[in-house]
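Here's the structure we're looking at; comments come further down.
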Amino acid sequence: MDKRSTNKAGKSGIILVLTVIALWIGQRFSFSEDPTIINNPPPQGVIKVHFIDVGQGDSILIENGEAAMLIDAGENSQGEVVVNYINSLDIEDLDYVIGTHPHSDHIGGLDDVILQVPVEKIIFPDVVHTTKTFEDVLDAIESKNLKITKAIPGDEYTLGEAEFTIVAPNSIKYDELNNYSVGIHLQFGDSSFLFIGDAEELSEEEILEAGHDISADVFKLSHHGSSTSNSSKFLDQVNPTYAVITVGEGNSYGHPHSITMQAMQDRNIKVYRTDKQGTIVFTSDGSNISVNTKAYSITEGDLAGKN
Ligand SMILES: [Zn+2]
670 MDKRSTNKAG
680 KSGIILVLTV
690 IALWIGQRFS
700 FSEDPTIINN
710 PPPQGVIKVH
720 FIDVGQGDSI
730 LIENGEAAML
740 IDAGENSQGE
750 VVVNYINSLD
760 IEDLDYVIGT
770 HPHSDHIGGL
780 DDVILQVPVE
790 KIIFPDVVHT
800 TKTFEDVLDA
810 IESKNLKITK
820 AIPGDEYTLG
830 EAEFTIVAPN
840 SIKYDELNNY
850 SVGIHLQFGD
860 SSFLFIGDAE
870 ELSEEEILEA
880 GHDISADVFK
890 LSHHGSSTSN
900 SSKFLDQVNP
910 TYAVITVGEG
920 NSYGHPHSIT
930 MQAMQDRNIK
940 VYRTDKQGTI
950 VFTSDGSNIS
960 VNTKAYSITE
970 GDLAGKN
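Reminder that position 10 of the sequence shown reads as 679 in our numbering, one-by-one numbering, no gaps.
Here it is in structure tokens:
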């Protein structure tokens, strides 16, 4: 064997050993489990967010698999509408019921829901209101032996494979009941939703100051599209693709206000309205969002109001 062939044999041996090592490493890597992937698998199934048409008022039902949550239930007269809607989806119980603030167009129907649908947890802002509507809700809560969990900004909750964070209210005392509105930022995979009840500009400022993550694909416009909410600064930060206006046909407040509609048009935000389109349902698989109806076309009349 000459020197050359010895070298050749040595080289082949080294190559063989390296190949075996490479294959062994390759196998170990391909079969090893990346902990970051294990901890954050892409969500299974879909999340559905239903903006139920309850006329002038809010009622939002969110479901992911067996998990479900209700934010508000419209006026007193809408309680049965909301209960029937929940039943029509074969939802057996609600993991969370959130009353954003004690105005009747938000909590009016909640007593019917609490009395007729099993509820795990009730979240309210830390404020009382001396109305029969509010007392009826407290009575319903008491009769079911439930306790109220106070909404505390920064608190995080799990809803199936989704998560939500409380982003408001950020102060203890307000002059205006609307500003006690519980704010919720919901995340499902890469899809996000923001609900802030009827929070006015003051609360919006506080949410921005607190630095909560409020960027959202879908934003339920605050206070039925009022110009006293939905400030430019806030909209800049939320930066939604879709906006939902929960509002009653021909309501006496002039909601949604023209300033808000103009802001939607200027920003190319797709608008959906319960007064014009009925119940609006968003579905997301964690990356793609679809809606049960086409976006609303903003009219000259929408932009012509004084507010
Ligand atoms: Zn309201």
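Glycine included, each C-beta is placed from N, C-alpha and C at the ideal position.
For residue i, the residue or residues it bridges with in DSSP
i	result
S959	T952
T968	Beta-bridge pairing links T968 to no other residue.
V788	L763
F793	K819
Y826	F833
N733	I716, A736
Alpha-carbon spacing of residue i relative to residue j, whole angstroms
i	j	result
Q934	H881	26 Å
L807	F793	11 Å
S953	G970	32 Å
K813	A837	27 Å
V723	P711	34 Å
S956	D859	5 Å
K902	N839	17 Å
T915	K819	25 Å
F833	P787	21 Å
D867	A831	23 Å
T948	G778	17 Å
Q906	I783	35 Å
I841	Y826	21 Å
N733	G919	34 Å
T962	I938	15 Å
I707	P909	A caution first: I707 carries a pLDDT of 49, below 50, which makes its placement in the model unreliable, though a value can still be read off. So the two alpha carbons sit approximately 30 Å from each other.
E744	E869	20 Å
F698	L815	Annotation note: pLDDT 48 at F698 (below 50); position unreliable, no value reported.
N976	R936	18 Å
I958	F951	7 Å
Q931	V940	11 Å
A973	S757	39 Å
N899	L890	7 Å
E878	S861	20 Å
F700	H926	Since pLDDT at F700 reaches only 45, below the 50 mark, its modelled position is unreliable, and no value is offered.
Minimum C-alpha distance to residue i - residue among the options
i	options	result
G894	A831, G777, D944	D944
H790	N839, S840, A932, I810	His is not the amino acid found at residue 790; the sequence shown has Lys there. Nearest C-alpha to K790: I810.
Q713	S728, V766, A742, F857	F857
E804	D780, N920, I817	D780
H924	D905, T897, A879	T897
S884	Y941, T915, G852	G852
A736	G726, D759, G748	D759
N847	H892, Y826, K816, E875	H892
I967	I721, R942, I876	R942
D762	I731, G768, E744, Q747	I731
I776	I740, F862, D764	I740
S746	N756, S757, Q725, Y765	Q725
I928	G919, Y843, N908, L904	L904
A912	E918, F888, M930	F888
I729	A973, F864, D886, Q931	F864
Y849	G748, N899, P822	P822
Beta strand (DSSP E) segment containing residue i, residue limits
i	result
V940	939-942
T834	831-837
A912	911-914
S860	860-864
I853	852-857
I716	716-720
Residue i: first and last residue of the uninterrupted alpha helix (DSSP H) it sits in
i	result
S895	Per DSSP, S895 belongs to no alpha helix (DSSP H) and is neither H nor E.
K801	801-812
A973	Careful: A973 lies outside any alpha helix (DSSP H) and carries neither H nor E.
Y765	No alpha helix (DSSP H) contains Y765, which is instead part of the beta strand (DSSP E) from 763-767.
N756	748-757
H775	773-776
L871	870-879
- Message: So, does the region 797-807 touch the region 768-785, judging by three or more C-beta pairs under 8 Å?
- Response: In short, these stretches touch, since the Cβ pair count reaches three.
- Task: Go through the residues and name those whose CB comes closer than 5 Å to any heavy atom of ligand 2, in chain order.
- Result: No copy of ligand 2 appears in this structure; the ligands present are ligand 1.
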